[in-house]
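As they're listed, the protein sequences go chains G and F.
Residues in the first sequence are numbered consecutively from 1, following my numbering.
Residues in the second sequence are numbered consecutively from 1001, following my numbering.
A virtual CB, placed ideally from N, CA and C, is assigned to each residue, including glycine.
Remember, predicted model here, so these are calculated numbers, not experimental data.
Notes to accompany the following structure.
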Amino acid sequence: MTPPFHAARKTELFGFLVLAAFVLLVLPGVVDPFRLNLVGKYLTYAFVAVGLVLCWGSAGILSLGQGIFFGLGGYCMAMFLKLEASTPEATKIQSTPGIPDFMDWNQLTALPAFWEPFHSLAFTIVAIVAVPAALAFVIGFAMFTRRVGGVYFAIITQAIAAILTILIIGQQGYTGGVNGITDLRTLLGWDIRTDSAKTILYFVNAFLLLGVIALSIAVRSSKLGRILVALRDKEDRVRFSGYDVAAFKIFVFCFAAAISGIGGAMFTLQVGFMSPSFVGIVPSIEMVIFCAVGGRNSLIGAVYGTLLVNWGKTTFSESFPELWLFAMGGLFIAVVMAFPNGLAGIYKSYVQPLFARIVVRPAHRRRPVGGGKTTPAIAE
Amino acid sequence: MFADYSWSELGSIFAMQGFAGLVLFSVFVLMALGLAIIFGQMGVINMAHGEFMILGAYVTYMCSNFFQSAAPALMPISFFVAMVLAFFASGALGMLVEMGLIRFLYKRPLDTLLATWGLSLILQQAYRTIFGAREVGVTLPEWMMGSLPLTDIIEIPINGLIVMAITLAITVAVAVVMFRSRFGAKVRAVVQNRQMAGAVGIDTEKVDRLTFGLGCGIAGVAGSAFTMIGSTGPSSGQLYIVDTFLVVVFGGATSLIGTVASAFTISQAQSTLEFFLSGSMAKVLTLLTVVGILMLRPQGLFVLKVRR
Chain G
1 MTPPFHAARK TELFGFLVLA AFVLLVLPGV VDPFRLNLVG KYLTYAFVAV GLVLCWGSAG
61 ILSLGQGIFF GLGGYCMAMF LKLEASTPEA TKIQSTPGIP DFMDWNQLTA LPAFWEPFHS
121 LAFTIVAIVA VPAALAFVIG FAMFTRRVGG VYFAIITQAI AAILTILIIG QQGYTGGVNG
181 ITDLRTLLGW DIRTDSAKTI LYFVNAFLLL GVIALSIAVR SSKLGRILVA LRDKEDRVRF
241 SGYDVAAFKI FVFCFAAAIS GIGGAMFTLQ VGFMSPSFVG IVPSIEMVIF CAVGGRNSLI
301 GAVYGTLLVN WGKTTFSESF PELWLFAMGG LFIAVVMAFP NGLAGIYKSY VQPLFARIVV
361 RPAHRRRPVG GGKTTPAIAE
Chain F
1001 MFADYSWSEL GSIFAMQGFA GLVLFSVFVL MALGLAIIFG QMGVINMAHG EFMILGAYVT
1061 YMCSNFFQSA APALMPISFF VAMVLAFFAS GALGMLVEMG LIRFLYKRPL DTLLATWGLS
1121 LILQQAYRTI FGAREVGVTL PEWMMGSLPL TDIIEIPING LIVMAITLAI TVAVAVVMFR
1181 SRFGAKVRAV VQNRQMAGAV GIDTEKVDRL TFGLGCGIAG VAGSAFTMIG STGPSSGQLY
1241 IVDTFLVVVF GGATSLIGTV ASAFTISQAQ STLEFFLSGS MAKVLTLLTV VGILMLRPQG
1301 LFVLKVRR
């Protein structure tokens, strides 16, 4: 069923270039600036979905707590931006100037120690990747070395997502509580709320996403990637062949967590706030459905899946808020029962054969256009 | 944190919080029993379990409204009628779901999880459309309200006692069904070895369906009992689902005794801590401890040895 290795790489490369053209040329060309910011927000979820393709699709580890890592990345970014927005001049009406407003409301008189390092952008950028990865390492190390997997792993990650949400909401003075960290204005003096800043951030986000996908494709086509697939299908055989199964699982889980963190940070930059409603159980499981709709085994599909579900969510909840949950629930069931390989599966079994027969040659000729590096200049 | 209280006060605090913990324990046990049957015995993750519970709560609500308007004289027994109806309503829905959805997914447990999550979204929205988004409370018969004074400080609410009595009765009933009846023997046979059970003439598909229905039915009763101590909204079920799964996993998924023991530990820890810390921190601390213990001992507290 699977095409030979080289052919598979070819189609993947082709798909990647089409995606790059779609995200960098088509969307900015067709969509107005307000909607483009919305698309940018959706694309930050795609980071999580790409992580899930590696973690769940390739290695068979279903995590229902990817919102944790998305949120941690987002909160790291938000803490930096909030500190920048809370200069003593900007907050002089507070009883303690110079600390974020919500801390002042909660009678804190000094900045908590764990906020201090977030004055530095360099530290923040490292933390965005390192904090989620470190937590994923702790969880992964504890679970995978004890050979906990499958359903148990899913439930425990879900419980951790619940714990983190309750913690963030409960510790208002340190985290901003249920409102989250809001009112973020500038990044090193650059106003992130203007239309032009939002457009630039969209492209930064898109390039990062494409970079992450390229990296993930590299991981998947390496020997490491094939070991992941092997341990998904027959874990014991991989173990008996002498591989340290836990180490591979921990790696892929940390990798997925780190890229989810990048997504979270880009979310904060583009949307201008971060709140616990992107951390908990419900958003985490929704992110799984983005991945499932796109096709749990397709990195490229995950992006389209994310865009499609979120576009549907926005359209539906604007016009028929009642119907949205029905549609979403139906989507969960349909994707599991009828299309276990999602959009990528539909593409592979229906569109691609057709495509191969009719337009294989034009597709080859079109390739150089999509890979052009000059695209942001055109769109600006 | 104990320094501000005298010994007798501390004693009363522990007694009162202990009792509140017992009521929470009862709700946990009722919810977890159904889940332990479905998850422990069948290996199916039913994320819609909370919604089956809420169905029971809404049935109780409708039933109590019906008795109030149509037959006020029968009000004192309305609750028990409601409970039986809740069992059958949730059980019947559960069997339908098993037929239409779950039975295709026995080989893919992670996919069941996603599908039942979708089901729970649909059910929630259905409740919201039918009953409205606001929480509803059930009017209790008069004899169930009030409280018994035990000492000057300690008072015991009657509805809490009734919830505990119901829990005890249901737990005993489940234990009898699972370990003393012919049906229970069939269920355990299918769990231990599906092929052999089929070979000796047990209709395994029928057993699956009935087991799933039984688990959902118990969730319905749990929802019915739940209305005595709290109000019901369309998304109340989701609040409890993670706690309940932790209870089941912590207890060791295949062991009913383990489920009861872990429900007891978790609920007591949470309600005692709740008095001294804020509610949210109590919950965080309890859940963290449970997750921590599960990382050290992934198989849970009690393990039933089954040859797979």
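query                                                                                                                         : result
Asp191/G (DSSP reduced to helix, strand or coil)                                                                              : strand
Contact set between the segment 245-274 of chain G and chain F, restricted to residues whose Cβ is under 8 Å from the partner : none
Contacting positions in the segment 301-323 of chain G - beta carbon closer than 7 Å to chain F                               : Glu322
Within-8 Å CB hit, Trp1143/F to chain G                                                                                       : no
Buried or exposed by the 16-neighbour rule on C-beta atoms within 10 Å, applied to Val131/G                                   : buried
Reference Glu235/G; option with closest CA among Gly150/G, Phe70/G and Pro117/G                                               : Gly150/G
Per-residue contacts from Lys1283/F into chain G (C-beta, under 7 Å)                                                          : Ile166
CA-to-CA distance, Gly1160/F to Met1016/F, given in whole angstroms                                                           : 12 Å
Ala1269/F vs Leu1301/F beta-carbon contact at 8 Å                                                                             : no
Backbone secondary structure at Pro120/G - three-state DSSP                                                                   : Strictly speaking, residue 120/G in this sequence is Ser, with Pro absent from that position. Note: Ser120/G maps to coil in three-state DSSP.
For Pro1298/F, the three-state DSSP class (helix, strand or coil)                                                             : coil
Cutoff 8 Å: Gln158/G Cβ touching any chain F Cβ                                                                               : yes
Neighbourhood of Phe1067/F by C-beta distance below 7 Å, restricted to the same chain and skipping five residues each side    : Leu1074, Met1075 and Ser1078
Identity of the residue in Leu108/G, Phe253/G, Ile213/G and Lys348/G nearest Gly65/G by Cα                                    : Phe253/G
Status (buried if at least 16 other CB within 10 Å, exposed otherwise) for Asp233/G                                           : exposed
Separation of Gly1146/F from Tyr1058/F, as counted between CA atoms                                                           : 23 Å
The segment 1209-1226 of chain F in contact with the segment 1033-1053 of chain F per 3-pair CB rule at 8 Å                   : yes
Rounded C-alpha distance that separates Gly176/G from Tyr42/G                                                                 : 24 Å
Neighbour list for Val293/G in chain F, Cβ cutoff strictly below 9 Å                                                          : Ordered by position in chain F, no residue passes the 9 Å Cβ test against Val293/G, which lies about 11 Å from the chain.
Limits of the unbroken beta strand (DSSP E) element including Ser941/F                                                        : Nothing about residue 941/F can be read from this structure; chain F reaches only from 1001 to 1308.
Buried versus exposed call for Tyr304/G [16 or more other C-beta atoms within 10 Å across all chains shown]                   : buried
Nearest to Arg220/G (by Cα), restricted to the options Leu343/G, Asp32/G, Thr44/G and Trp56/G                                 : Trp56/G
Residue environment, Ala1133/F, which counts as buried when at least 16 other CB atoms sit within 10 Å                        : exposed
Listed by chain order, chain G residues near Ala1133/F by CB distance under 8 Å                                               : Chain G residues near Ala1133/F: none, gap ~11 Å exceeds 8 Å.
C-beta neighbour in chain G for Phe1212/F, strict 8 Å                                                                         : no
Whole-Å CB distance - Met1042/F paired with Thr1211/F, under 8 Å assumed                                                      : 6 Å
Per-residue contacts from Gln1041/F into chain C (C-beta, under 8 Å)                                                          : Among the chains of the structure shown, chain C does not appear; the protein chains present are G and F.
Opposing strand residues paired with Pro1157/F [DSSP bridges]                                                                 : Ser1147/F
Chain-ordered residues of the segment 134-162 of chain G with a beta carbon less than 7 Å from chain F                        : Ala142, Met143, Arg146, Val148, Gly150, Val151, Tyr152, Ala154, Ile155, Ile156, Gln158, Ala159, Ile160 and Ala162
Cβ distance (whole Å) where Thr1060/F is taken to contact Ala1092/F below 8 Å                                                 : Between Ala1092/F and Thr1060/F the Cβ distance is about 16 Å, and since that is not below 8 Å, they are no contact.
Neighbouring residues, chain F, relative to Ile358/G (Cβ below 8 Å)                                                           : What Ile358/G touches in chain F: nothing, since even the nearest Cβ is about 34 Å away.
Val1242/F, buried or exposed, once every other Cβ within 10 Å from all chains shown has been counted against 16               : buried
Spatial neighbours of Ala379/G in its chain, beta-carbon cut-off 8 Å, leaving aside the 5 residues before and after           : Because the pLDDT at Ala379/G is just 34, under 50, the model does not fix this residue reliably, and the value given afterwards should be weighed accordingly. Counting only Cβ-Cβ distances below 8 Å, and skipping sequence neighbours, we find Leu24, Leu25, Pro28, Gly29, Thr199 and Phe203.
Sequence-distant residues of the same chain with beta carbon closer than 6 Å to Trp324/G, five excluded per side              : Phe316 and Ser317
Cα-Cα separation between Gly1252/F and Ile93/G, rounded to whole angstroms                                                    : 55 Å
CB of Phe320/G within 8 Å of CB of Ala302/G, strictly                                                                         : no
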